[in-house]
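In what follows, a single structure is set out as structure tokens and then discussed.
Protein chains in written order, with the numbering used here: chain A, 3 to 165; chain B, 263 to 856.
Here it is, written out as structure tokens:
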């Protein structure tokens, strides 16, 4: 779980389990970071340090990769990650208004996470569902043909889900 | 009696429009009528007509039902599948004639298309290899196994196929360079890092017909003596990754991938690498660095990947759509392919039609087709009877073309001449409500954000240009800014290390070329002709048009509109946040933006 404080031994075990999936250690850094993020929801400092040691790569290089790609996160994220598309098609069809509405409903800035760790709000450059612009993704689900008025209901469904 | 097939689109678009919910109800309705055994329900890939999703096609009669909502299914089953009466209201309605159309090939959106790369998308179950094989799948590969390497390469060269990822480099030449490069170990890499905002053809090909891409890579592997392949795909495309993974497993089970394939002494396998979110990784050297687990930054070429690519070994890197063209070229011979298109641009190209257009979706057209045909015949024209203003082609690397270019043939060379580019094939259509300065600023914001920072011209150039554009849209632009933009743009273009920087000024340079008057209006008159840039507009009420209905006041989040129903309304400019809500809700043209 994302919120639990983990013991070092379990971190080492987790990292070892992840590394066992790869027959060779060449070029697996990004894949391993993706696996770690799948496990914890973000990249906890301890896990990155352990990974660097195990792969014999300087921590600075691992940090360099982890901060280069927009997919990686160094701090915990909410249970539901909302990604609003600001791609060209969405831009032309009013994607910015969808984002504004989300900010209002969730009382969050872009990149922020609610205090109860339920939602993280992000913007992305394109999720490739331009035909339905404007769109957003919550976790792996895509919602299209949005208007600001539809936002509260969509969020509301996730409220119910977790009860 | 053989079972009838019900194909429903399970592309990302239709799923989000409720396709699976509708499918579930279909299953239980068929069961309720006791006719489940008469039908095969097949989840197909994208039909391209995302605007009309969810789409259900019933074979053998080939009837096309669109925008089928879960609540429509009961009627569809009872009326059509049981009683045989066509449900008229679920057929496609032609926008111009108002007629209902049963056969989708007669719909304007499909009639002018030439679907070669997308031939199976929407017709087969992408998660079942047998369906691909039944459509002569893997025949191209089997044919390739019987011919000489150099002959396969020659075939691709003669076809005239050019890279579909953007730059349009001749594919056959790329193959030849890799083939001739020295080295025991060689790699085939498929670029599925579709990062262009406004393009989703690679996603739909991978979701709708993944085996077509695998077969293309196999043929390349065999021709170039490579036995390892990678597909570098965006992590933002979970469904494409899932279907591709399944397809690779099935290809292994059937012996198309693995060791000593069909006892021909040729071994080949494919791995998936999920991208981690960086637009610059669409550039080939940056993509390879990322596969190696490093920061995805480009490096100078030469050496080209054909000689020194992945792990320093000769590597052939092509885009998804490029590979998807290969099986048909080999199976049918180069002549068939080369007979389509223009002198310099053979074959077809898939475009993603989006923006202010009636029929959004994916369309595959022969190269050389006129822009007008794509936008008005296939795309169904501009949404809401507005005026066409411009089309942005080629994403952030491309350019904006105005109405006088509507009769431009779409091919690599004509587009480049006009100041745009084919790019990956995003076509974003804009109407009079789009501000071209804001659009240029939008693209620059994107490229500036995605610039990896390695080379100075791109890192600094995009930032300085963006600063100027930000000034202009705020009404703080100066006369000399336009020359500065052109100077910076030319320099960034000429001196950046990779394609990202080299093409980043295109949206500015092309809008300056065709829409200079809009820039000038922002600078001299402090006015946004499209009425979009918030700093340059104020809202007021047109008292004669106003019906005092109070709808605008209710829609105003800032309580800036005074007046009760049946009283005169006024907008307090100090409170107004320029959110445009009042303008959108007013049905009487009573909100003035100036």
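Glycine is no exception: its CB is placed at the ideal position from the N, C-alpha and C atoms.
Predicted model only: the values in this text are computed from it and were never measured.
List, in chain order, every chain B residue whose beta-carbon is nearer than 7 Å to that of residue i.
{"i": "residue 72 of chain A", "result": "539, 540"}
{"i": "residue 129 of chain A", "result": "498"}
{"i": "residue 82 of chain A", "result": "Chain B residues near residue 82 of chain A: none, gap ~15 Å exceeds 7 Å."}
{"i": "residue 32 of chain A", "result": "538, 552, 555"}
{"i": "residue 93 of chain A", "result": "704"}
Might you give, ordered along the chain, the residues of its own chain that have their beta carbon closer than 6 Å to the beta carbon of residue i, omitting 5 neighbours on each side?
{"i": "residue 147 of chain A", "result": "134"}
{"i": "residue 793 of chain B", "result": "799, 855"}
{"i": "residue 528 of chain B", "result": "484"}
{"i": "residue 268 of chain B", "result": "301, 303, 320"}
Just how far apart, CA to CA, sit residue i and residue j?
{"i": "residue 788 of chain B", "j": "residue 92 of chain A", "result": "27 Å"}
{"i": "residue 799 of chain B", "j": "residue 18 of chain A", "result": "59 Å"}
{"i": "residue 13 of chain A", "j": "residue 61 of chain A", "result": "16 Å"}
{"i": "residue 642 of chain B", "j": "residue 377 of chain B", "result": "18 Å"}
{"i": "residue 746 of chain B", "j": "residue 559 of chain B", "result": "28 Å"}
{"i": "residue 5 of chain A", "j": "residue 521 of chain B", "result": "The pLDDT assigned to residue 5 of chain A is 45, lower than 50, so where the model puts this residue is not dependable; a value taken from the coordinates is nonetheless given after this. The alpha-carbon atoms of residue 5 of chain A and residue 521 of chain B are separated by roughly 45 Å."}
{"i": "residue 525 of chain B", "j": "residue 515 of chain B", "result": "15 Å"}
{"i": "residue 22 of chain A", "j": "residue 127 of chain A", "result": "34 Å"}
{"i": "residue 8 of chain A", "j": "residue 366 of chain B", "result": "At residue 8 of chain A the pLDDT is 49, less than 50, meaning the model places this residue with poor confidence; the figure from the coordinates comes in the next sentence. The alpha-carbon atoms of residue 8 of chain A and residue 366 of chain B are separated by roughly 57 Å."}
{"i": "residue 162 of chain A", "j": "residue 155 of chain A", "result": "11 Å"}
{"i": "residue 325 of chain B", "j": "residue 585 of chain B", "result": "31 Å"}
{"i": "residue 24 of chain A", "j": "residue 274 of chain B", "result": "31 Å"}
{"i": "residue 712 of chain B", "j": "residue 541 of chain B", "result": "6 Å"}
{"i": "residue 16 of chain A", "j": "residue 312 of chain B", "result": "42 Å"}
{"i": "residue 843 of chain B", "j": "residue 814 of chain B", "result": "7 Å"}
{"i": "residue 411 of chain B", "j": "residue 435 of chain B", "result": "14 Å"}
{"i": "residue 589 of chain B", "j": "residue 429 of chain B", "result": "22 Å"}
{"i": "residue 359 of chain B", "j": "residue 330 of chain B", "result": "21 Å"}
{"i": "residue 644 of chain B", "j": "residue 619 of chain B", "result": "5 Å"}
{"i": "residue 682 of chain B", "j": "residue 754 of chain B", "result": "16 Å"}
{"i": "residue 142 of chain A", "j": "residue 97 of chain A", "result": "19 Å"}
{"i": "residue 718 of chain B", "j": "residue 70 of chain A", "result": "17 Å"}
{"i": "residue 785 of chain B", "j": "residue 744 of chain B", "result": "10 Å"}
{"i": "residue 765 of chain B", "j": "residue 658 of chain B", "result": "8 Å"}
Please compile the residues from chain A whose C-beta is within a distance smaller than 8 Å of the C-beta of residue i.
{"i": "residue 708 of chain B", "result": "127"}
{"i": "residue 618 of chain B", "result": "94, 95"}
{"i": "residue 558 of chain B", "result": "70, 71"}
Can you tell me which of the options puts its alpha carbon nearest to the alpha carbon of residue i?
{"i": "residue 144 of chain A", "options": "A/154, A/150, A/132", "result": "A/132"}
{"i": "residue 680 of chain B", "options": "B/564, B/693, B/660, B/691", "result": "B/660"}
{"i": "residue 454 of chain B", "options": "B/682, B/588, B/686", "result": "B/686"}
{"i": "residue 130 of chain A", "options": "A/36, A/88, A/77", "result": "A/88"}
{"i": "residue 698 of chain B", "options": "B/654, B/674, B/720", "result": "B/654"}
{"i": "residue 30 of chain A", "options": "B/569, B/573, B/506", "result": "B/573"}
{"i": "residue 838 of chain B", "options": "B/828, B/827, B/849, B/818", "result": "B/818"}
{"i": "residue 631 of chain B", "options": "B/611, B/618, B/648", "result": "B/611"}
{"i": "residue 488 of chain B", "options": "B/444, B/328, B/339", "result": "B/444"}
{"i": "residue 650 of chain B", "options": "B/656, B/657, B/658, B/666", "result": "B/666"}
{"i": "residue 756 of chain B", "options": "B/734, B/723, B/731", "result": "B/723"}
{"i": "residue 373 of chain B", "options": "B/427, B/356, B/511", "result": "B/356"}
{"i": "residue 416 of chain B", "options": "B/399, B/477, B/482", "result": "B/482"}
{"i": "residue 150 of chain A", "options": "A/136, A/142, A/74", "result": "A/136"}
{"i": "residue 27 of chain A", "options": "A/56, A/40, A/52", "result": "A/56"}
{"i": "residue 734 of chain B", "options": "B/701, B/709, B/721, B/718", "result": "B/701"}
{"i": "residue 635 of chain B", "options": "B/826, B/672, B/662", "result": "B/672"}
For residue i, I'd like the list of residues in its chain whose CB is within less than 8 Å of its CB, leaving aside the five on either flank, ordered along the chain.
{"i": "residue 845 of chain B", "result": "801, 853, 855"}
{"i": "residue 616 of chain B", "result": "460, 622, 688, 689, 690, 691"}
Between which residues of its own chain and residue i is the CB-CB distance below 7 Å, once the five residues before and five after are set aside?
{"i": "residue 375 of chain B", "result": "625, 626, 627, 640"}
{"i": "residue 536 of chain B", "result": "495, 497, 503"}
{"i": "residue 265 of chain B", "result": "300, 301, 302"}
With DSSP as the reference, please indicate the residues paired to residue i in a beta bridge.
{"i": "residue 129 of chain A", "result": "Per DSSP, none; premise fails for residue 129 of chain A."}
{"i": "residue 143 of chain A", "result": "A/140"}
{"i": "residue 610 of chain B", "result": "B/628"}
{"i": "residue 824 of chain B", "result": "B/832"}
{"i": "residue 353 of chain B", "result": "B/327"}
Could you name the residues of chain B that residue i contacts, counting a contact when the two beta carbons are closer than 8 Å?
{"i": "residue 54 of chain A", "result": "Within chain B, no residue comes near residue 54 of chain A; the closest Cβ sits about 12 Å away, beyond 8 Å."}
{"i": "residue 146 of chain A", "result": "275, 278, 279"}
Taking C-beta pairs closer than 9 Å, name the residues in chain B that residue i reaches, listed in chain order.
{"i": "residue 36 of chain A", "result": "497, 536, 538"}
{"i": "residue 142 of chain A", "result": "500, 501"}
{"i": "residue 107 of chain A", "result": "Here the premise fails: no neighbours, minimum Cβ distance about 13 Å."}
Residue i touches chain A at which residues, Cβ-Cβ below 7 Å?
{"i": "residue 654 of chain B", "result": "90"}
{"i": "residue 614 of chain B", "result": "132"}
Chain A partners of residue i, CB-CB under 9 Å?
{"i": "residue 696 of chain B", "result": "94"}
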